[in-house]
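Participant: The numbering of the sequence shown is full-length UniProt numbering, which starts it at 1 and goes up by one.
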Amino acid sequence: MATLSELLAQPELGLRLIQAGAGDPELSWVSTTELIDLGEYLEGGEIILTTGLSLAASDSRWRDFVASLSRAQVAAIGFGVGVNHDHIPPALLHAASTYRVALFEVPLPLPFIAVSKAVAALVRTDELRATRGALQAQQRLLDGARGDQDPADVLASVAQATGKHLALLASDGAVLASTAGFAAADGLERETVALDKDGSLRLAVAGDTPLTPEGRAVITAGSIVLWLGLRGAGAEENRERERWERFTWAILTEATPPSTIEILSTRVRFPDRVRALAVQGSPEDVADWRRRPRTGLERLITPSTAPTRAPDLALAWQLCPDSVAATERALEIAAEHGLDAIVGRPTAVADAALSLRSAHARLRSLSPTAPLYAAPRVPDVIWADRDTPFLEALFTLDEHANEGAPDGGPGVTARNPGGLSARVLGPLSQRDGALPAAERELLRGTLRAVYEADGQRGPAATALGIHRNTLRDRITRIERLTSRTLTDADDRAELWLALRVEELAGG
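1) Within its chain, find whatever has a CB closer than 7 Å to the CB of Gln318; leave out the 5 residues flanking it on each side and keep chain order.
2) Which partner residues of Ala76 appear in the DSSP bridge assignment?
3) Would Ala96 be called buried (16 or more neighbouring beta carbons within 10 Å of its own) or exposed?
4) At 4 residues or longer, what runs of the alpha helix (DSSP H) sit wholly inside the stretch 269 to 300?
5) Could you pull out every unbroken beta strand (DSSP E) segment of at least 3 residues lying fully inside the stretch 324 to 363, listed in chain order?
6) DSSP puts Gln19 in a beta bridge; with which residues?
7) By Cβ distance, which residues of its chain are closer than 7 Å to Gly296, with the 5 residues on each side in sequence left out?
8) With a threshold of 7 Å between beta-carbons, can Ile478 be considered close to chain B, or not?
9) Tell me which residues share the same chain as Asn402 and place their Cβ nearer than 6 Å to its Cβ, disregarding the 5 neighbours each side in the sequence.
10) Cutting at 6 Å between CB atoms, please list the residues of its own chain near Arg100, excluding the five before and the five after it.
11) Distance, Cα to Cα, Ala489 vs Leu315?
12) Tell me the residue span of the beta strand (DSSP E) that contains Val205.
13) Quick one: Cα of Ser304 to Cα of Ala326, how far?
14) Put Thr256 into one of helix, strand or coil per three-state DSSP.
15) Could you spell out the range, first to last residue, of the beta strand (DSSP E) harbouring Ala314?
16) Compute the beta-carbon to beta-carbon distance between Arg484 and Asp491, rounded to the nearest angstrom, for a pair I have assumed lies under 8 Å.
17) Who are the Cβ neighbours of Asn84 in its own chain at under 7 Å, not counting the five residues just before and after it?
18) Going straight from the alpha carbon of Glu237 to that of Thr125, what length do you get?
19) Report, in whole angstroms, the separation of the C-beta atoms of Val175 and Gly222, which I expect to be a contact under 8 Å.
20) If you run the structure through DSSP and keep just helix, strand and coil, what is His165?
21) Quick check on the DSSP output: the beta strand (DSSP E) that includes Thr32 runs from which residue to which?
22) What are the residues that DSSP puts in a beta bridge with Pro303?
23) Over what stretch of residues does the alpha helix (DSSP H) that includes Thr476 continue unbroken?
24) In whole angstroms, give me the CA-to-CA distance for Pro90 and Ala56.
25) Our contact map puts Asp322 next to Arg273 with C-beta atoms below 8 Å; I'd like the distance itself, whole angstroms only.
26) Among Ala67, Leu49, Ser68, Val119, which has the Cα closest to the Cα of Ile88?
27) Which one of Val119, His360, Ala183 has the shortest CA to CA distance from Thr308?
28) Under a Cβ-count criterion, where at least 16 other Cβ atoms within 10 Å of its own Cβ denotes burial, should Lys117 be classed as buried or exposed?
29) Short of 6 Å in beta carbon distance, which residues of its chain neighbour Ala80, apart from the five on each side in sequence? Order them along the chain.
30) In three-state DSSP terms, what is Val83?
31) To the nearest whole angstrom, what separates the beta carbons of Leu201 and Leu166, a pair I think is in contact under 8 Å?
32) Hey, Asp37 and Thr3: beta-carbon distance below 7 Å or not?
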């Protein structure tokens, strides 16, 4: 910035400093006045030129004149001698000393316009110097964009050119890179610049003074360089993610052997057994889940091209090791993104398609509307091997002919089909003691009457001797206790078969 000392140092002007102010003030402009109170019209940094036309040499209002200029934080007062006063009035000099406002003498025959032109030239020179410095800083930044420049180096270059503290922030406010003084700049004024369209990366600028136009130009150049670097890194990351997604889908559909994972990574090895996880939610949440940084086997994710039950839902898949830790980790990440999940049955990695099919068969159990409208909500998790559909289990009983259920619960074997019926009927099962016997038999009889009436509720209510509204309330209670609905064909079949199995097995 142009300063008062630079103005006073110009010999052709012949200006003489009479009273020094606080430091060497920066100059913003020049104003000529004979008003007594000019303070409210000023912004600070001005030189006020006057001949004292309105005041006598000993007028006490000189103090008020200087006081108002001091409050406006002017750079200096220039007094033209030889026009109305032969010398600077002692009252003015005393007031300038009291308020620490710089005071200099403008001699005759120097016109005030010469001082104004000199200040304008200094300001223009300073602006050109600042612009040149900003251009050089921008050139250095843009030259660095051609190579692999670290974000911290870019921030350091911008901070050096602007005098600001800077940081690169993630969408959650986490600091990815920063200059040394940024952490201590919490109390300073801060503004942020979005580096991408969704605001997932932002440049934070902190400082105690406003940015100059040249400083903003440097900030803009730095933002461009950061964006270019991050876009290049993001493009490669996207290509890598797409390679893993194509590979995951090939494994889930048995289009390629698991050993081909060595093409993507020689350090990753498949476990012996895996699970296929289906995650479902809004397209935005699924997209965020896919973009999440991942390493190792967590990269085995892939979107689904199959249509979902609702047009506003999206579906994706993950292949994870069949271990408690890996499965819980996958479900935890899905829940962080608000996604419902279906956990497929554990299979050998070469038979991953079986796990996919078991999870796919349970997709209709997820609500097509809750992910879109229920807030806040706890995402649903359904286990295909623990909440197995009755019909699917009938075709897989031979897999567990001599072992207990996979979840360590009551065994479901070829010799013990009643265990499966109990899991379908829940509290309605004769093996379950959660309900009083009379209430359980009442609900079982209601369910049986509905089936015998071919699902027609009027004849069923007549056969039971109850009102239709009473029948409706009982059906609602049955559906809540069994987690199944009579409007779904598979659920109706499971409930009927479960009732028949218990009757044939004698409970």
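All C-beta atoms, glycine included, are put in the ideal place defined by N, C-alpha and C.
Facilitator: Here's the rundown:
1) Answer for Gln318: Leu277, Val279, Leu300, Ile301, Ala330, listed in chain order.
2) Beta-bridge pairing links Ala76 to Ile47.
3) Burial call: buried.
4) Runs found: 283 to 291.
5) Here the runs fully enclosed are 340 to 343.
6) Per DSSP, Leu103.
7) The residues Val268, in chain order, have a CB closer than 7 Å to that of Gly296 in the same chain once the five nearest residues on each side in sequence are set aside.
8) Absent from the structure: chain B. Only one protein chain is present.
9) Its pLDDT being 38, under 50, Asn402 is placed unreliably by the model, and nothing is read from it.
10) Counting only Cβ-Cβ distances below 6 Å, and skipping sequence neighbours, we find Gly21, Ala22.
11) The straight-line gap from Cα to Cα measures roughly 23 Å.
12) From DSSP, the beta strand (DSSP E) with Val205 extends over 201 to 207.
13) Near 22 Å, if we compare the C-alpha coordinates of Ala326 and Ser304.
14) If DSSP states are grouped into helix, strand and coil, Thr256 belongs with coil.
15) It spans 314 to 321 - the beta strand (DSSP E) in which Ala314 sits, taken as one unbroken run.
16) Right, the Cβ-Cβ distance comes to about 4 Å (below 8 Å), so this counts as a contact.
17) Around Asn84, the same chain offers Thr51, Gly52, Leu53 as residues with beta carbons nearer than 7 Å, after the five sequence neighbours per side are excluded.
18) Rounded to whole angstroms, Glu237 to Thr125 spans 47 Å at the Cα level.
19) So it is not a contact: roughly 16 Å between Cβ atoms.
20) Strand.
21) Thr32 -> beta strand (DSSP E) spans 29 to 32.
22) Here Pro303 is bridged, per DSSP, to Ala316.
23) Element bounds for Thr476: 468 to 482.
24) So the two alpha carbons sit approximately 11 Å from each other.
25) Contact annotation, Asp322 with Arg273: C-beta distance approximately 4 Å; criterion of less than 8 Å satisfied.
26) Closest by alpha carbon: Leu49.
27) Checking every option, the nearest Cα to that of Thr308 belongs to His360.
28) Per the 10 Å Cβ criterion, exposed.
29) Here residue 80 is Gly; the residue named in the question, Ala, does not match the sequence. Cβ neighbours of Gly80 within its own chain (closer than 6 Å, five residues either side excluded): Thr51, Val106.
30) In the structure shown, the three-state DSSP call for Val83 is coil.
31) About 13 Å; that fails the 8 Å criterion.
32) Not a contact, by the Cβ cut-off of 7 Å.
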